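Have a look at the structure below, then the notes.
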Amino acid sequence: MKKLLILLSVSVFLLTACLEKEEVQEAAPVEKKPVVATVEAKEESYSPVLEFGGSFKPFREANLSARMPGKIKKIHYREGATVPQGSVIVTLSGEMAEAAEAELEAVEKDYERVKDLVDSGVLPQQQLDHLEAKLNASKAKVKMTKENMEIIAPFDGMVAEHMLREGEEFMLLNPGLTPGFSHANGIIRFMDLNRLFLEIQVDEKELPLIQKIKDIEVVADAYPDTKIKGKIYSTETLVSVISRTAVVKIEINNAKKLIKPGMFGRVKISLPEVKAVMIPRLSVIRQAGTNQFHVFVIENGTAVLKNVEIIEDLGDFYAVKGIENGEAVVSAGKTKLRDGVSVTVSNK
Numbered sequence: 109m110k111k112l113l114i115l116l117s118v119s120v121f122l123l124t125a126c127l128e129k130e131e132v133q134e135a136a137p138v139e140k141k142p143v144v145a146t147v148e149a150k151e152e153s154y155s156p157v158l159e160f161g162g163s164f165k166p167f168r169e170a171n172l173s174a175r176m177p178g179k180i181k182k183i184h185y186r187e188g189a190t191v192p193q194g195s196v197i198v199t200l201s202g203e204m205a206e207a208a209e210a211e212l213e214a215v216e217k218d219y220e221r222v223k224d225l226v227d228s229g230v231l232p233q234q235q236l237d238h239l240e241a242k243l244n245a246s247k248a249k250v251k252m253t254k255e256n257m258e259i260i261a262p263f264d265g266m267v268a269e270h271m272l273r274e275g276e277e278f279m280l281l282n283p284g285l286t287p288g289f290s291h292a293n294g295i296i297r298f299m300d301l302n303r304l305f306l307e308i309q310v311d312e313k314e315l316p317l318i319q320k321i322k323d324i325e326v327v328a329d330a331y332p333d334t335k336i337k338g339k340i341y342s343t344e345t346l347v348s349v350i351s352r353t354a355v356v357k358i359e360i361n362n363a364k365k366l367i368k369p370g371m372f373g374r375v376k377i378s379l380p381e382v383k384a385v386m387i388p389r390l391s392v393i394r395q396a397g398t399n400q401f402h403v404f405v406i407e408n409g410t411a412v413l414k415n416v417e418i419i420e421d422l423g424d425f426y427a428v429k430g431i432e433n434g435e436a437v438v439s440a441g442k443t444k445l446r447d448g449v450s451v452t453v454s455n456k
């Protein structure tokens, strides 16, 4: 009897344990599949846009100086003044010019004195002819010296800067620290601002793309609402071995003198249409701290993580590489996903 009770007790214990195990299994929650929405990746045509930034520079610029040393006697135009080509901007004075003028004055007096003597028959005509040749040589010397002591505008332009002031001595060679003397690369900084260059750095891969572009839109940061038409003027012959870029000069009209040299400008260049796969901007996941981008696509009810390369930012959409036309790209619910998980697609 005692053995029977023991067997019954064991049987009840085992039965209870089994029932409890079944109850626990029945109570365990069933894991639900993440619900996502998808969009179809589509190949479409678009016009790629290249954007660059750079500084405006004068179309022409020159540091003007005299061909001979001397004291700056007169600067005829203030800074910022417009000067026609051929106008005298600066006049200098110097020992050579003064000596040439003194020599001319002496020769003129000799000529008049000898002429009177020749006219009166005291001296032969030969002596007057000799002095006349000397007089002409002295006049030519004064003219040449004067030209060398003047700075002439080489083109229509603007006086950007007085590099030296009236009363200062201009020296062709640096005299050191001699008081009262100044040495510079020029006396006047002169610019043609009717046209300007916007200089940009263009990657070697993009150089062939922009060479045939005719109309270019330029905007100065100082005037963001003003769009200026530009055109490619020149491309630097050599590509930098460090940056793999070349300088491209874009010419703009600046007749109103609105843009100043040194201002920062931006340019947008629209290229011919190409085709690319488009996906919504919200579908893209950026890996923290990197420039790597991913998207989830759904294949047979499973989320698959794919790397993508963004080739163009089109606002609400990206043109990308790494996704095929027609693939189902997750547009909502991507934060719940991991690679390889089963999902429920709901595009209601």
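In this note's numbering, the protein residues as written are 109 to 456. From the three backbone atoms N, C-alpha and C, an ideal C-beta is built for every residue, glycine too. Quick caveat, the model's predicted, so the values are computed rather than measured.
Inter-residue spacing [alpha-carbon to alpha-carbon] between residue 230 and residue 218: For the pair residue 230 and residue 218, the Cα-to-Cα distance works out to about 15 Å.
Beta-carbon spacing of residue 325, residue 375 below 8 Å: Contact flag set, yes.
Cβ-based neighbour list, residue 439, same chain, cut-off 7 Å, excluding 5 preceding and 5 following: Excluding its 5 nearest sequence neighbours in each direction, residue 439 has C-beta neighbours in its own chain below 7 Å: 145, 146, 147, 388, 390, 391, listed in chain order.
Inter-residue spacing [alpha-carbon to alpha-carbon] between residue 402 and residue 411: Taking C-alpha positions only, residue 402 is separated from residue 411 by approximately 12 Å.
Residue 406 in three-state terms, based on DSSP: Look at residue 406 here: in three-state DSSP terms it is strand.
DSSP state of residue 304 mapped onto helix, strand, coil: The answer is strand: DSSP assigns residue 304 an E or B state.
Residue 398 versus residue 443: straight-line alpha-carbon distance, rounded: Approximately 18 Å, taken between the alpha carbons.
Sequence-distant residues of the same chain with beta carbon closer than 8 Å to residue 293, five excluded per side: The answer, listed in chain order, is 171, 173, 271.
DSSP-derived helix/strand/coil call for residue 384: It is a strand residue.
Beta-carbon spacing of residue 260, residue 296 below 8 Å: No.
Expected contact under 8 Å - CB spacing of residue 154 and residue 317 to nearest Å: Not really, about 15 Å apart at Cβ, beyond 8 Å.
Rounded straight-line distance, which links the Cα of residue 351 to that of residue 298: For residue 298 and residue 351, the distance between alpha carbons rounds to 32 Å.
Identity of the residue in 429, 426, 310, 142 nearest residue 347 by Cα: For residue 347, the nearest C-alpha among the options comes from 310.
Contact between the region 319–336 and the region 185–203 (3+ Cβ pairs under 8 Å): Below 8 Å, too few C-beta pairs join the region 319–336 and the region 185–203 to call them touching: fewer than three.
Cβ neighbours of residue 454 in the same chain (closer than 8 Å, five flanking residues each side left out): Within the same chain, and ignoring the five residues on either side of residue 454 in sequence, the residues whose Cβ sits closer than 8 Å to its Cβ are 143, 144, 145.
Residue 231 - DSSP class collapsed to helix/strand/coil: It is coil, neither helix nor strand.
Residue from 385, 248, 420 whose Cα sits closest to the Cα of residue 150: If we check each option's Cα against that of residue 150, 385 comes out closest.
Other residues of its chain near residue 456: CB distance less than 6 Å, five sequence neighbours each side excluded: The beta carbon of residue 456 lies closer than 6 Å to none in the same chain, with the five residues before and after it left out.
DSSP three-state assignment for residue 320, whether helix, strand or coil: Look at residue 320 here: in three-state DSSP terms it is coil, with no helix or strand label.
Per-residue burial, residue 362 [other beta carbons within 10 Å of its own, 16 or more giving buried]: Answer is buried; the Cβ neighbour count reaches 16.
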